[in-house]
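Just so we're aligned, residue 166 is where the sequence shown starts under our numbering, counting upward by one. Read through the structure below, which is laid out as structure tokens, and then see the notes.
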Amino acid sequence: MMSTRWTIRSGTLALIATVAASAWAQPDRMLVRHGDVTARVAVPVDCGREIPVTVEAQRPDFFGENPGRMQSLTDSVQAILRFECPRVERVRIEGYLRGLDEPVYEGVARLDDRWRVTTRRVLKFDEAAGRERRSSPPVGGDFVLAGIRLGMTVEEFSRGVAEAFGSTPSYDPVAGVASLRLRGCPSDYRDRRMEFDPQTGWACLDARFTDRRVPRLYRFDYVQVVEGRSRDARRALIEEFGEPTVDRQDDHSREHVMSWEARDRSSTGDASEGGVLEAALWPSGDVVVVDIGLRARHGGAHDPSGDSGRPVELKL
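What follows is the structure, encoded as structure tokens:
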């Protein structure tokens, strides 16, 4: 049977850093949260007559079908903005459904209309769902991350990293760990990350191998620190890899966790082998730490020896 692999291009490891500049607008801050709906504004706030505000909602019925909640949210937003920007006359609202890359709602609230929200455009849910939403990774195969796949030998892994990053990782045969630090990333960042102030450009790679006679890769982690917003990083990841299996945010820590699964099915139809791609995003001042990990589903090494036929790589 031919094995199908989800492939993440080597350039994708710099995915967030190389997103178009327009996607990396200035960092934002949350102004108001009403349940699962948030309103954010770019910082520093440009105190002109019109201020753009981004609203994100989990449920599609918030936009267009819930004018009372939208008005309540906007009342709170304009009150905060007028405290900071006495001359503001209009709030321009752009609404997004979580998981979609394009706005599904446009509206405006004006001082001369007593801040009443006027809807300019709203997509029906079936229209919105068809826009920019990528399907989840298909069943069948495993992930390939910048030419790195689970089950690689140390030599294969080192060669792949050198090709992708231009440097060769160090390998500790006793611990079964390979690592590489680029552009200032501290050597002990993985173990003491909460003690550091992350700096733009850091790149940290870690890999773990089994203790078999021929060690094979069962976990690969890549951390990068970039300027921007967690929301934009999340959108870029969804655009690149499709809808995740897990997509949640910890409101206390502000960390956003995502994961994708690639599964092979046995003859009985049960999901068994395959890898898991994970991403954790957390803001730190004006930067976002993006941690992408590739691991075997059951924590052990993936043994590719059972593959028959030449793998087909789906370029994203």
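Positions of the beta carbon are idealized from the N, C-alpha and C atoms, including for glycine.
Taking buried to mean at least 16 other C-beta atoms within 10 Å of its own C-beta, is residue i buried or exposed?
| i | result |
| --- | --- |
| Ala398 | buried |
| Ala340 | exposed |
| Pro268 | buried |
| Thr283 | exposed |
| Glu328 | exposed |
| Arg346 | buried |
| Val208 | exposed |
| Gln223 | exposed |
| Ala274 | buried |
| Arg396 | buried |
| Ala204 | buried |
| Gly260 | buried |
| Ser344 | buried |
| Met195 | exposed |
| Phe227 | buried |
| His421 | buried |
| Phe248 | exposed |
| Pro338 | exposed |
Could you say which of the options lies nearest to residue i if we only look at CA atoms?
| i | options | result |
| --- | --- | --- |
| Trp425 | Val202, Arg413, Tyr336 | Arg413 |
| Ala368 | Gln236, Thr410, Val253, Tyr387 | Tyr387 |
| Val319 | Pro363, Gly349, Phe374, Trp447 | Phe374 |
| Glu221 | Glu360, Tyr354, Arg400, Arg384 | Arg400 |
| Asp362 | Leu315, Arg247, Pro351, Glu259 | Pro351 |
| Val411 | Glu443, Arg381, Val210, Leu265 | Glu443 |
| Thr322 | Met423, Leu196, Ala372 | One point to set straight first is that residue 322 is Phe, not Thr, in the sequence displayed. Minimum Cα distance to Phe322 is reached at Ala372. |
| Arg285 | Asp211, Leu265, Tyr270 | Tyr270 |
| Ser449 | Leu370, Gln364, Asp240 | Gln364 |
| Arg279 | Ala461, Met195, Gln236, Leu265 | Gln236 |
| Gly349 | Ala461, Cys212, Gly366 | Gly366 |
| Gly200 | Asp337, Ser335, Thr219, Asp416 | Asp416 |
| Gly257 | Leu265, Pro409, Leu238 | The identity of residue 257 in the sequence shown is Arg, whereas the question assumes Gly. For the residues Leu265, Pro409, Leu238, the minimum Cα distance to Arg257 belongs to Leu238. |
With residue i and residue j assumed to form a contact (beta carbons below 8 Å), what rounded beta-carbon distance in angstroms separates them?
| i | j | result |
| --- | --- | --- |
| Thr333 | Val326 | 7 Å |
| Thr455 | Val379 | The sequence as given places Val at residue 455; Thr does not occur at that position. Between Val379 and Val455 the Cβ distance is about 32 Å, and since that is not below 8 Å, they are no contact. |
| Leu262 | Pro225 | 6 Å |
| Arg384 | Gly458 | 7 Å |
| Leu315 | Gly440 | 5 Å |
| Met317 | Arg419 | Their Cβ separation, rounded to whole angstroms, is 34 Å, which puts Met317 and Arg419 out of contact at 8 Å. |
| Val453 | Arg394 | 7 Å |
DSSP three-state call for residue i: helix, strand or coil?
| i | result |
| --- | --- |
| Gln236 | helix |
| Glu267 | coil |
| Phe406 | helix |
| Ser344 | strand |
| Ile210 | The identity of residue 210 in the sequence shown is Val, whereas the question assumes Ile. Coil. |
| Glu297 | Because the pLDDT at Glu297 is just 41, under 50, the model does not fix this residue reliably, and the value given afterwards should be weighed accordingly. Glu297: coil per DSSP, three-state reduction. |
| Asp277 | helix |
| Ala461 | strand |
| Ser418 | coil |
| Phe227 | helix |
| Arg260 | It is Gly, not Arg, that sits at residue 260 in the sequence shown. Strand. |
| Phe374 | strand |
| Gly434 | Only weak support exists for where Gly434 lies, its pLDDT of 37 falling under 50; the value from the coordinates is given anyway. Three-state result, Gly434: coil. |
| Phe385 | strand |
| Glu254 | coil |
| Asp201 | coil |
| Val454 | strand |
| Arg394 | coil |
| Phe361 | coil |
| Gly325 | helix |
**Request:** For the stretch 222-236 and the stretch 246-256, state whether three or more C-beta atom pairs, one from each stretch, are separated by less than 8 Å.
**Result:** Contact between the stretch 222-236 and the stretch 246-256 is absent: fewer than 3 CB-CB pairs across the two stretches fall below 8 Å.
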